[in-house]
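The next block holds one structure in the form of structure tokens; read it before the comments.
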Amino acid sequence: MSNFYKTKSDEELYELVKDDDRDAYTELYDRFKKPLLVFAYKKVGMDEAEDLVHDLWIKLWHNRSSIKLERSFVSYIFGGLKNRILDHMSKVDHADKYVDHLKSYSSIYQHSDGADHQIREQLFWLQIEALLDHYGPKANSIIRLRMQGFNNHEIAEKLNLSEKTIRNQQSAIIKYLRSKLSILRIFLFWLPLFCALAFYPLIITSC
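Every letter in the sequence shown is one number past the one before it in full-length UniProt numbering, and letter 78, counting from 1, is 78.
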């Protein structure tokens with residue numbers, strides 16, 4: 001590559017990028033790839049860091065004509081990566097908390113007395129199984145391994161999938177479960193009443 005680009009400042013290079021200059025884009029990429037990877041790696045690990053940095057540069061190129069720098073390029077690019085890292089960590093934390101929620105919700109029935117509680121627990125897991133089957137056997141395996149305490153890296157190794165695939169499938173599964181389980185909770189909450197009403201005519205008749 002010509003020394004023309006190497007003598008340019010980051011901001012000057014980005015102005016060239018906005019004019020579709022791929023060589024200027026490559027120069028910026030070469031300057032910042034390693035520092036960005038190191039920054040992300042310290043937060044999320046290498047696999048996730050590579051994905052986040054790659055996506056950041058793809059977005060930069062696709063949106064080059066609409067992005068206006070209101071600060072230095074280094075502040076912009078590291079700020080964008082930081083936001084992506086926080087979003088990624090939020091999703092991972094949300095997934096962990098949601099799986100914990102499923103376990104705690106089930107444990108309510110496991111530690112309760114009475115036949116209706118046993119029925120509720122059985123119905124709860126039957127419904128979970130049915131919902132997971134909607135996504136196929138891999139979905140079932142991902143959630144079950146999560147509930148057993150395995151992390152994304154360990155699940156990926158067990159299922160011979162990439163961590164990115166595990167994260168994407170897990171997010172889709174959890175979104176689907178959340179939309180369906182709110183209805184399930186209502187049904188399970190009122191189940192004893194439904195059972196009582198079902199047997200009420202028999203009680204009246206026998207009296």
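The beta-carbon is built from N, C-alpha and C at its ideal position, and this holds for glycine as well. Fair warning: this is a prediction, and the values are worked out from it, not measured in the lab.
Do you know how far the Cα of residue j is from the Cα of residue i?
i: Leu60; j: Lys158; result: 35 Å
i: Lys33; j: Ala24; result: 14 Å
i: Glu163; j: Asn63; result: 27 Å
i: Tyr105; j: Leu86; result: The predicted model places Tyr105 with a pLDDT of 49, which falls under 50 and marks its position as unreliable; any figure quoted below should be read in that light. Between Tyr105 and Leu86, the C-alpha separation is close to 28 Å.
i: Val44; j: Val53; result: 12 Å
i: Ile142; j: Leu36; result: 30 Å
i: Gly79; j: Lys138; result: 36 Å
i: Asn3; j: His88; result: 37 Å
i: Val38; j: Asp55; result: 16 Å
i: Leu145; j: Gly136; result: 15 Å
i: Leu16; j: Asn83; result: 25 Å
i: Leu81; j: His134; result: 35 Å
i: Gly149; j: Ile67; result: 42 Å
i: Tyr41; j: Arg71; result: 25 Å
Which residues in the same chain as residue i place their Cβ atom closer than 7 Å to its Cβ, once the five residues preceding and following it in sequence are excluded?
i: Tyr14; result: Leu28, Leu69, Phe73
i: Trp57; result: Tyr29
i: Asn152; result: Glu163, Ile166, Arg167
i: Tyr5; result: Leu13, Asp23, Ala24, Glu27
Can you give me the Cβ contacts of residue i inside the same chain, cut-off strictly under 8 Å, excluding the 5 residues immediately before and after it?
i: Ser65; result: Lys18
i: Glu129; result: Asn140
Please state if the CB of residue j and the CB of residue i are separated by a distance shorter than 7 Å.
i: Ile166; j: Ile173; result: no
i: Leu132; j: Asn140; result: yes
By Cβ distance below 6 Å, which residues in the same chain neighbour residue i in space, the five residues on each side in sequence not counted?
i: Tyr176; result: none
i: Tyr76; result: Leu69
Check the Cβ-Cβ distances between residue i and every residue of chain B, and say whether any is below 7 Å.
i: Asp20; result: Of the protein chains in the structure, only one exists, and it is not chain B.
Do the stretch 5-20 and the stretch 39-54 meet, that is, are 3 or more Cβ pairs less than 8 Å apart?
no
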